[in-house]
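Residue numbers for the sequence shown follow the working numbering, beginning at 1140 and rising by one.
Below is one structure; the comments refer to it alone.
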Amino acid sequence: MSRGRVIYLLVVVALLGEMAFAMVTTAVQQTPTIDEPVYVATAEVLTREHLVLYNPEHPPLGKLAMAAGLAFVDPRLDTTYPGNQTQQGRHLLYETGNNPFRVMLAARLPMIVLTLLFGLVVLAFARDLAGPWAGLVALALYAFSPDIIAHGSLATLDMPAAGMLLTAFWFLWRSRQRPWRYLPLAGVALGAALATRMSALPAVPLVLLLSLLSPFAVGKPGTWWKKLAWRVVAAIGVGLIAVAVVWVVYLAVDPRLRWTPPVNMPHPGRLKTLAVDLLPFPKAYRDGILIQFQFESRTFNGFLLGHAYRGSLWYYQPVALLIKTPLGMMALWLAGALTMLVKPALRVATLYLLVPAGALLLVAMTGARDYGTRYVIFVPVFLAVVAGTVVLVRFAWARIGTVVLVAFVAVSSLMTFPYYLPYSNEAFGGTSHTHLNLHDSNVDWGQDLARLGARLRTKYPGEPVWTVFKTSGVPTYYGIQGKNPLTVPNDQVHGLLVVSDSRVALATGKLQQLISSSQEIDNVGYSIRIYRR
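Here it is as structure tokens:
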């Protein structure tokens, strides 16, 4: 192996090593976020009871991956517990003798491994487009992305689905040269995304249309309609493989496909129900889509740029991305997109990167839940590859500018360590100011209970504590003995008032009065405020 290739390999290992260290450190230190206990409990039920019982609104594949990690700690599962999925998750972590730190780390490690593997897909895709240096630029942006590190270190479904989608489009790109090898793999990757998160469904028509571009029978004699027929057959084959993967995942959970719809099964309307019934997926999958429709029909609380509101804003996701993406990264995204549009050889590649990312972003912008950039985590994943193409720009200053911008991204990311979830860029005040602009999984997702418990014990021992949290954890497990300040008159609330940032953002009435009449003295993890009264 040449010296240059050895150096290249060492740089790749260093980037992925840095990313692995950041994700593992984050996974070890953070307490369960809002969604994780549900997924962990569901993973155990899927593998032990072989039933789709909890969390049907999300398909099983991502949770089966978590179960692979959980097998190493063998957590106790109370199969007789009568609670719902949220209660079962809390019960498994805190009420059955399990160590929640060990259980959560075991569930998070498979997600970390998958996130690192998707980094190799980013590297390979960018190399295919613009050469080895493009691969390094793309991998660097991926490895230092605060959002990818934050959500790649959690036992959730957003990163696995985004990574599988990128993999599907990479295989489609490669199928332009070797269709028989890569089109089936694209179908498998698409099926894996569909079997992980239903938000991947809008990508299906894009994948099938791009399958038509695979050049079957090029250079061979034959009429145009025969060549077109081959392409149509190939696209149908990709779709059938994706559907088969979903069926295989459900059959792996329960070969008998037992499924009992919830008593309050939603009926979103005749046309939507009919459309869902026509989908070639298991009944549990189709009913999960109906449950998602029910979520999207509800009205939720939002918070953006310091303003609380009811409902959703169409521009929420683009603005949230603007806040939470490193400035150098956005500059390279734009430069890469322009490069792909200007370079004739790369224009067709926009169909495999810019178009899917843009289409999925538009769909996400119609969502009812303005809860975080995790719903569009595919944007930094896809656009990392796009940014890598800037190495094709031949201006004298271009390479120097690229190196400077990548370094800026790295510094911005390293400065927020290990608080990646509440990151925001310097133009919006940095991580310490995210709570002024965003809420929920952008900043406060219940991840800092353990840190709060340690802070109260070491810095404020013996002081009375009043708490208002957004959390799925059990505060007393972490030594937090707080009272609810909303159940007593304001003049009885003395000592420390501890409020998580999502509750601060949406505070009204009594809670707003308590906060406004208190003095902020501390914060924990940039997600929990401590006030003195």
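We treat Cβ as the ideally placed atom computed from N, Cα and C, and that holds for glycine.
Quick check: the Cα distance between Val1357 and Ala1342, rounded to an integer number of angstroms?
Numbered from 1 along the sequence shown, position 218 holds the residue referred to as residue 1357. Numbered from 1 along the sequence shown, position 203 holds the residue referred to as residue 1342. Because the pLDDT at Val1357 is just 46, under 50, the model does not fix this residue reliably, and the value given afterwards should be weighed accordingly. For Val1357 and Ala1342, the distance between alpha carbons rounds to 27 Å.
Close beta carbons around Phe1283, own chain, < 6 Å, minus the five adjacent residues each side:
For the purposes of this step, residue 1283 is identified with residue 144 of the sequence shown, where counting begins at 1. Around Phe1283: Val1548, Ala1549 and Ser1552.
Could you work out which residue in Ala1503, Leu1588, Val1481 and Ala1246 is closest to Tyr1616 when comparing CA atoms only?
Numbered from 1 along the sequence shown, position 477 holds the residue referred to as residue 1616. Closest option to Tyr1616, Cα to Cα, is Leu1588.
Can you tell me whether Asp1416 is buried or exposed? The criterion is at least 16 other CB atoms within 10 Å of its CB, across all chains shown.
Sequence index remark: in the sequence shown, residue 1416 carries index 277 (1-based). Classification for Asp1416: exposed.
Given this structure, state the Cα-to-Cα distance separating Leu1256 from Gly1634, to the nearest angstrom.
In the sequence shown, residue 1256 corresponds to position 117, counting from 1. In the sequence shown, residue 1634 corresponds to position 495, counting from 1. Straight-line measurement puts the Cα of Gly1634 at about 48 Å from the Cα of Leu1256.
Take Thr1505 as the anchor and find which of Glu1602, Tyr1455 and Thr1219 has the nearest alpha-carbon.
If you number the sequence shown from 1, residue 1505 lands on position 366. Answer by Cα proximity: Tyr1455.
How about Gln1586 and Thr1170: do their beta carbons lie closer than 8 Å?
Here residue 1586 corresponds to residue number 447 of the sequence shown, with the count starting at 1. Here residue 1170 corresponds to residue number 31 of the sequence shown, with the count starting at 1. Their beta carbons are under 8 Å apart, which means Gln1586 touches Thr1170 by this criterion.
Continuous alpha helix (DSSP H) assignments of at least 4 residues falling wholly in the region 1311 to 1350
The region 1311 to 1350 contains, as complete alpha helix (DSSP H) runs of 4+ residues, the segments 1318 to 1333 and 1343 to 1350 (chain order).
Looking only at its own chain, which residues have a Cβ that is under 6 Å from the Cβ of Trp1453, when we skip the five neighbours before and after it?
Position 314 of the sequence shown, counted from the first residue, corresponds to residue 1453. Excluding sequence neighbours, Trp1453 sits near Met1504.
At least three beta-carbon pairs within less than 8 Å, the region 1394 to 1414 to the region 1607 to 1615
Under the 8 Å Cβ criterion, the region 1394 to 1414 does not count as touching the region 1607 to 1615, having fewer than three qualifying pairs.
Indicate whether Gln1620 and Val1604 have their beta-carbon atoms separated by less than 8 Å.
Start at 1 with the first residue of the sequence shown, and residue 1620 comes out as number 481. Start at 1 with the first residue of the sequence shown, and residue 1604 comes out as number 465. For Gln1620 and Val1604, yes; Cβs fall inside 8 Å.
7 Å CB neighbourhood of Arg1596 in its chain, flanking five on each side removed:
As a working mapping, residue 1596 is identified with position 457 in the sequence shown. The residues are Gly1618.
If you compare alpha carbons, which of Leu1490, Tyr1559, Trp1472 and Met1303 is closest to Leu1280?
Within the sequence shown, the letter at position 141 stands for residue 1280. Across the set Leu1490, Tyr1559, Trp1472 and Met1303, the C-alpha of Trp1472 shows the shortest separation from the C-alpha of Leu1280.
Are the beta-carbon atoms belonging to Arg1315 and Ser1353 less than 8 Å from one another?
Position 176 of the sequence shown, counting from 1, holds the residue named residue 1315. Position 214 of the sequence shown, counting from 1, holds the residue named residue 1353. For the 8 Å CB-CB criterion, Arg1315 and Ser1353 form a contact.
Under 7 Å Cβ to Cβ from Pro1214, same chain only, skipping five residues before and after it: list those, please.
Working through the sequence shown from its first residue, we reach residue 1214 at position 75. The residues are Glu1183, Leu1231, Asn1237 and Val1242.
Kindly indicate which three-state DSSP category Leu1635 falls into: helix, strand or coil?
Taking the first residue of the sequence shown as 1, we reach residue 1635 at position 496. Strand, per DSSP.
Taking Cβ positions only, does Ser1552 come closer than 8 Å to chain D?
Chain labels in this structure do not include chain D; a single protein chain is all it has.
Start and end residues, alpha helix (DSSP H) containing Trp1272:
For the purposes of this step, residue 1272 is identified with residue 133 of the sequence shown, where counting begins at 1. Per DSSP, Trp1272 is one residue of the alpha helix (DSSP H) stretching across Pro1271 to Phe1283.
Check this for me: beta carbons of Leu1216 and Pro1199, under 8 Å apart or not?
Start at 1 with the first residue of the sequence shown, and residue 1216 comes out as number 77. Start at 1 with the first residue of the sequence shown, and residue 1199 comes out as number 60. Annotated as distal: Leu1216 and Pro1199, with beta-carbon spacing of 8 Å or more.
Between Leu1351 and Val1371, is the Cβ-Cβ spacing less than 8 Å?
For this step, residue 1351 is matched to residue 212 along the sequence shown. For this step, residue 1371 is matched to residue 232 along the sequence shown. Taking C-beta atoms as the reference points, Leu1351 and Val1371 count as a pair closer than 8 Å.
If you follow the beta strand (DSSP E) that Ser1146 is in, where does it begin and where does it stop?
Position 7 of the sequence shown, counted from the start, is the residue given in the question as residue 1146. Inspection of the sequence shows that residue 1146 is occupied by Ile rather than by Ser. Looking at the DSSP string, Ile1146 is not in any beta strand (DSSP E); the run it does join, the alpha helix (DSSP H), is Arg1142 to Gln1168.
Going by other Cβ atoms of all chains shown within 10 Å of its Cβ, with 16 needed for buried, is Asp1630 buried or exposed?
Taking the sequence shown and counting its residues from 1, the one referred to as residue 1630 is at position 491. By the 10 Å Cβ count, Asp1630 comes out exposed.
DSSP state of Ala1356, grouped into three classes?
Your numbering for residue 1356 matches position 217 in the sequence shown. Bear in mind that the predicted position of Ala1356 carries a pLDDT of just 46, short of 50, making it unreliable; the figure below should be weighed with that in mind. In this structure, Ala1356 counts as coil in the three-state DSSP scheme.
Taking the beta carbon of Leu1522 as the centre, do at least 16 other beta carbons fall within 10 Å, making it buried, or is it exposed?
To locate residue 1522, count along the sequence shown from 1; it is residue 383. By the C-beta density criterion, Leu1522 is buried, having at least 16 other C-beta atoms within 10 angstroms.
Per-residue DSSP class, three states only, for Tyr1670:
Start at 1 with the first residue of the sequence shown, and residue 1670 comes out as number 531. Correct three-state label for Tyr1670: strand.
Can you grab the Cα-Cα spacing for the pair Arg1533 / Ala1273, in whole Å?
Sequence index remark: in the sequence shown, residue 1533 carries index 394 (1-based). Sequence index remark: in the sequence shown, residue 1273 carries index 134 (1-based). Distance between the alpha carbons of Arg1533 and Ala1273: 13 Å.
Completely contained alpha helix (DSSP H) runs for the region 1444 to 1500, where each covers 4 or more residues:
As far as the region 1444 to 1500 is concerned, its whole alpha helix (DSSP H) runs of at least 4 residues are 1455 to 1463 and 1466 to 1481.
So, helix, strand or coil for Asp1174, using DSSP?
Along the sequence shown, one-based indexing puts residue 1174 at 35. Asp1174: coil per DSSP, three-state reduction.
Given Arg1671 as reference, the closest of Tyr1599, Lys1649 and Pro1614 once Cα atoms are compared
Your numbering for residue 1671 matches position 532 in the sequence shown. The shortest Cα separation from Arg1671 among Tyr1599, Lys1649 and Pro1614 belongs to Tyr1599.
So, helix, strand or coil for Thr1606, using DSSP?
In the sequence shown, counting from the first residue as 1, residue 1606 sits at position 467. The answer is strand: DSSP assigns Thr1606 an E or B state.
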